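K.L.:
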Amino acid sequence: MPHTNQSMSELMKLYILVILRTLSRVILFPFRLLIFLVNKALPTDLMDKLDPNYRWRDDYHIATYFIASVVKYIWLIYSNRFQYWYIIESQVKKHPNSLAISYAKPLAKKGEFELQEFTYAETYKIVLRLSHYLFNVHRVKPGDNIALDFTNKPLFIFLWFALWNLGATPAFLNYNTLGQPLIHCIQVSNISQIFIDPFAAEPIKKTEDDLKKELPHTQLHYLDEDELFETVLLNEDYPTLRVDDAIRSPNSARDFEAAMLIYTSGTTGLPKPAIMSWRKATIGCSLFGRIMRVTPGKAVFTAMPLYHSTAALLGVCAIFAHGGCVAISNKFSTSTFWKQVCLTNATHIQYVGEVCRYLLNSPVSPYEKQHHVEIAYGNGLKTDIWKEFKERFNIKIIGEFYASTESPFATTSLQRGEFGIGACRNYGPVVNAFLSIQQCLVKVNPDDETQIYRNEKGFAETTDVGQAGELLMRIFIPKRPETSFQGYLGNKKDTESKVIRDVFRKGDAWYRSGDLLRADENGLWYFTDRLGDTFRWKSENVSSAEVENQIMSASKDIILEAVVVGVQLPSNEGRAGFAVIKLKKVDISVEEKVELLNSLLSHLKNNLPKYALPIFIKFVENIELTHTHKVAKSKYRNQVLPHGESGNETLFWLCNYKYYKVLTDDDWEEIAKGTNKI
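The opening residue of the sequence shown carries number 1 in the UniProt record's numbering; numbering runs sequentially from there.
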C-alpha cells in the first residue's frame, strides 16, 4: 500500500510537470510568433537599425527565458527542490567533463601562476569528500550557521557547496573585518564554527582573545590547505557523503529562507548579515547569467572577493546555473590581470568601476590584446572612461548592472556600440512594461534627501525624465514582506527600516534601495548616487556610522562630535572617507591637530579595515544642521577640495595610509592627477 501511494504521488507530480510545461509553451507562443513575423516582414539591416532603440532582441532573450524559468521554479517549489544544491547536481549530470573552476594560483615568484582546473565531476566528488570530513570531524550538522573567512580560491567554493550539501548555512566573512565589528558579525549570525584561510587570518588572530572571551563556544579552525587537499579532497580512497534530500530539504523549508549570509554595512555602525534567499540564488542568478550570455564553455574571470555578492551570486551562482566556468583570481592586480585572464581562457570578466580605471591607468600589457573576452560585466563603470575601456581592451559588450547585497531585484544593461553608455537598466518596451510593476523611481524630499517626497495626499510621486529619484522595489505581499525582502538576520529594526509603506496607496509596501537613479527619454536608467550613511570606496561599502563610532570611542575626552561622509575625487572611483571633527578645545595649533590625528590613527587601524580609514579630515567649530536638526551631510559630501569654497580652509589627509599631514596644493595636484594612489 505505501508503495502504491508513492507511485500515485509520483504520477501526480508527472501530471503537474506536464501541465506546467504546456502552460509555458502556451504563454511563450505569442512571443515566438511575433518575432517570427517581424523577422520575415522586415529586412535584416532595418532590424539592426531599429534594435538599439527598441531592444526587441534582448527583450525576447530575457522574457522567454524568464517565463520558462518561473514555470520551472513553481515545479521546483512544489517538488521541494528549489535549493541551489540541485542545480549543481543537474550540471554535474549534464556537463561532467566541462570545466567548473579555473584558478590562477599565485606562486612564490611575483607575477607567476599555476593553473588549477576542476571539472564539474571533479568538483562534485571533492565536495562530497569534504562533506564527509566536515560532518564526521567537525560535526557540522543541518541548520548550523558556519562562517568562512577566506581569500579567493577553490577551497572557498568547495566548503560553501559542502555546507549546502549538509544542510548548513554558510556565512561569508569579510576577512578585512576585525575587532568589535568582527565579533558582532559572528554573534548576530549565531555562528557555531569558523573555517579560516591562513592567508586571511591576521585580522581574526588580532581579535581572537576578545572573541574567545565574548563567544567561548564559537570554534575557530585554521585550515592547512595543502594537507586537506592531499588527505581528503584529492584522495580517491576518502569516503564521500551525500546527505539525504529529506534532511537537506525538509517539508518545512521555504524558498525565501537563507541560502547564505553576506555581510553589508549598517547604519548602526556595525556590519549586518544580509539574508541571501534560495529564490535569489536560483531563479535570480540564473536569469542574470542568461542576460550576461553565460553558457556551457564560457569562462567568467573574477578578481572580486568571493565574500561579496557580486562574485558569489552574480559570479559563481550565475555561472554554475548555466554550466559555465568560474575563473578565480586570488586578488586583484593591475600588473597581472590580463595575464590571468589569458591563462584561464576567460570569455567574460567581472569588474567594479574602480577596477576599470585602475586597468586604464596601468602600463600597456602584452596580454591585454591576446585575450578572448567578449563581455565585461559589473557595476560602477563611469561614462568618462566607458568608451576608452572598451576600445583599449577590445571589449565588445559591457554588462552594467545595479544591485545591492540585500535588494530583492537587480537591473541590467547589455551595452553594445554607442547606445546606452552609462546605463544600468536598458530594456525594450516588453521588459520595461513588466518592470514598471516591480520597480520605480520616486522624488525625494528636497529638505531631507533620506526621506521620499509626499504630496498633499500623503503619497509619493514618480520622477520626471532626467530627474534623480530613489529606486523603490515592490513587495508583493505587504503583510509578509519577507517573501520579497528577507532583510538582515537578527536585526528586525534595520530590516523594517528598509520597507516603506503607503507609497502610492494605503497598504502597499516597497523596498527602499537608498540609491538615487534617473531615467532618460529612452527608458534607460542611470545610477546617480547613494543616499544616507553608506558610501563606496575601494570596491567596498563603508558605514559612516561605524567610522564615526570608532573616532568617538578613541577620543571621547578630546573630540566632541564627528561626522563621516564620502567625497568624490578626480581620477578616483567611489567616494573617499571625509571626517568632520568638532573638538572640545577649539584653540589648538595645527601641529597639535596633526599629533592628535596620528594618535587617533593607531586606534582606527586596529578597529577598521584599511578602506574605511578617513582619507581627509577637517576640524570645525560647529557641525552644521538642517532645519529639522539633522546633520547636514549633503553639504559635507560636497566639500570643495583642497581648501574649501573660501580657499582658506586647512584640511588634513592620510598620506600613503601611513600618517596624517596637512593637505597642500602639491599633495592635491598628485591626488587629482592620479599619481598619488590613495
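Even glycine gets a Cβ: it sits at the ideal position worked out from N, Cα and C.
Since we're looking at a predicted model, the values are computed, not measured.
Could you check the C-alpha separation between residue 490 and residue 311 for me, to the nearest Å?
P.N.:
Rounded to whole angstroms, residue 490 to residue 311 spans 25 Å at the Cα level.
K.L.:
Would you mind stating whether residue 573 and residue 357 have Cβ atoms separated by less than 8 Å?
P.N.:
Cβ atoms of residue 573 and residue 357: closer than 8 Å.
K.L.:
Output the distance between the C-alpha atoms of residue 550 and residue 603, rounded to the nearest integer angstrom.
P.N.:
Rounded to whole angstroms, residue 550 to residue 603 spans 8 Å at the Cα level.
K.L.:
So for residue 666, helix, strand or coil by DSSP?
P.N.:
Correct three-state label for residue 666: helix.
K.L.:
Assuming the contact rule is C-beta atoms closer than 8 Å, residue 463 and residue 430 should be a hit. Round their C-beta distance to whole Å, please.
P.N.:
Incorrect: roughly 22 Å between the Cβ atoms, too far for contact.
K.L.:
In angstroms with no decimal places, state the Cα-to-Cα distance between residue 564 and residue 427.
P.N.:
Answer to the nearest angstrom: the Cα atoms are 37 Å apart.
K.L.:
Just to confirm the assignment, what range does the alpha helix (DSSP H) spanning residue 64 have?
P.N.:
Segment 56-78, the alpha helix (DSSP H) holding residue 64.
K.L.:
Between the Cα of residue 113 and the Cα atoms of 337, 99, 229, 307, which residue gives the shortest distance?
P.N.:
Looking at the Cα atoms, 337 is the closest of the given residues.
K.L.:
Using 8 Å as the cut-off, can you tell me whether the stretch 298-306 makes contact with the stretch 145-155, which would need three or more C-beta pairs spanning the two stretches below that distance?
P.N.:
Yes: the two stretches touch, three or more of their Cβ pairs being nearer than 8 Å.
K.L.:
Just checking my contact of residue 623 with residue 579 at CB under 8 Å: how many whole Å lie between their CB atoms?
P.N.:
About 11 Å separates the two Cβ atoms, so there is no contact after all.
K.L.:
Taking just the CA atoms, how far does residue 314 sit from residue 288?
P.N.:
So the alpha carbons of these two residues sit roughly 7 Å apart.
K.L.:
Please look up how many angstroms separate the CB atoms of residue 240 and residue 132, rounded, as I've assumed it's under 8 Å.
P.N.:
Between residue 132 and residue 240 the Cβ distance is about 6 Å, and since that is below 8 Å, they are a contact.
K.L.:
Look at the alpha carbon of residue 424 and the alpha carbon of residue 454, and state the distance between them as a whole number of angstroms.
P.N.:
Near 26 Å, if we compare the C-alpha coordinates of residue 454 and residue 424.
K.L.:
Between residue 615 and residue 82, what straight-line distance do the alpha-carbon atoms span, to the nearest angstrom?
P.N.:
About 45 Å.
K.L.:
For residue 473 and residue 519, I'd like the C-alpha separation in whole angstroms.
P.N.:
Rounded to whole angstroms, residue 473 to residue 519 spans 15 Å at the Cα level.
K.L.:
Hey, out of 225, 211, 157, 191, whose CA is closest to residue 681's CA?
P.N.:
The shown model of the chain, from 1 to 678, leaves out residue 681, and the question about it has no answer.
K.L.:
Just the C-alpha distance for residue 189 and residue 394, rounded to the nearest angstrom, thanks.
P.N.:
Near 44 Å, if we compare the C-alpha coordinates of residue 394 and residue 189.
K.L.:
Looking only at DSSP bridge pairs, what is residue 515 linked to?
P.N.:
DSSP, once it has assigned bridges, lists 530 as partnering residue 515.
K.L.:
From residue 373 to residue 355, what does the alpha carbon distance come to, in whole angstroms?
P.N.:
Rounded to whole angstroms, residue 373 to residue 355 spans 16 Å at the Cα level.
K.L.:
With distances taken between CB atoms, is the gap from residue 145 to residue 192 smaller than 8 Å?
P.N.:
Closer than 8 Å, so yes.
K.L.:
Can we say the stretch 277-288 touches the stretch 252-261, given the rule of at least three CB pairs closer than 8 Å?
P.N.:
Flag = yes, the stretch 277-288 and the stretch 252-261 touch.
K.L.:
Which stretch, first to last residue, makes up the beta strand (DSSP E) that contains residue 469?
P.N.:
Start and end: 469-474.
K.L.:
Distance check for residue 138 and residue 223, CA to CA, integer angstroms please.
P.N.:
When rounded, the distance between both Cα atoms is 12 Å.
K.L.:
Say whether the stretch 333-350 touches the stretch 505-522, bearing in mind that this needs 3 or more beta-carbon pairs closer than 8 Å, one atom from each stretch.
P.N.:
The stretch 333-350 vs the stretch 505-522: no contact.
K.L.:
Give a yes or no on whether the C-beta atoms belonging to residue 388 and residue 359 are separated by under 8 Å.
P.N.:
Not closer than 8 Å, so no.
K.L.:
Pairing CB atoms from the stretch 313-330 with CB atoms from the stretch 83-102, are three or more of them under 8 Å?
P.N.:
Verdict: yes, contact present.
K.L.:
Between 482, 238, 654, 647, which lies nearest to residue 613 when the distance is taken from Cα to Cα?
P.N.:
Measuring from the Cα of residue 613, the nearest candidate turns out to be 654.
K.L.:
Give the straight-line distance between the Cα atoms of residue 649 and residue 392, rounded to the nearest whole angstrom.
P.N.:
Cα-Cα distance, rounded: 40 Å.
K.L.:
Let's test the definition: count the other Cβ atoms within 10 Å of the Cβ of residue 675 and tell me whether it reaches 16, buried, or not, exposed.
P.N.:
Looking at its Cβ environment, which holds fewer than 16 other Cβ atoms inside 10 Å, residue 675 is exposed.
K.L.:
Check whether the Cβ atoms of residue 371 and residue 341 lie closer than 8 Å to each other.
P.N.:
It is a contact, given that the beta carbons lie within the stated cut-off.
K.L.:
Here's the rule: buried if 16 or more other CB atoms are within 10 angstroms of the residue's CB, otherwise exposed. What is residue 156?
P.N.:
It counts as buried.
K.L.:
For residue 304, does the three-state DSSP call read helix, strand or coil?
P.N.:
Coil at residue 304, not helix or strand.
K.L.:
By how many angstroms is the C-alpha of residue 249 removed from the C-alpha of residue 79?
P.N.:
Their Cα atoms are separated by approximately 10 Å.
K.L.:
Compare the C-alpha of residue 255 against each of 75, 390, 235 and name the closest.
P.N.:
Minimum Cα distance to residue 255 is reached at 75.
K.L.:
Are residue 583 and residue 619 touching if we call contact CB-CB under 8 Å?
P.N.:
Taking 8 Å as the Cβ cut-off, residue 583 and residue 619 qualify as a contacting pair.
K.L.:
Does the contact criterion of 3 or more C-beta pairs under 8 Å hold for the stretch 116-125 versus the stretch 98-106?
P.N.:
Short answer: they touch.
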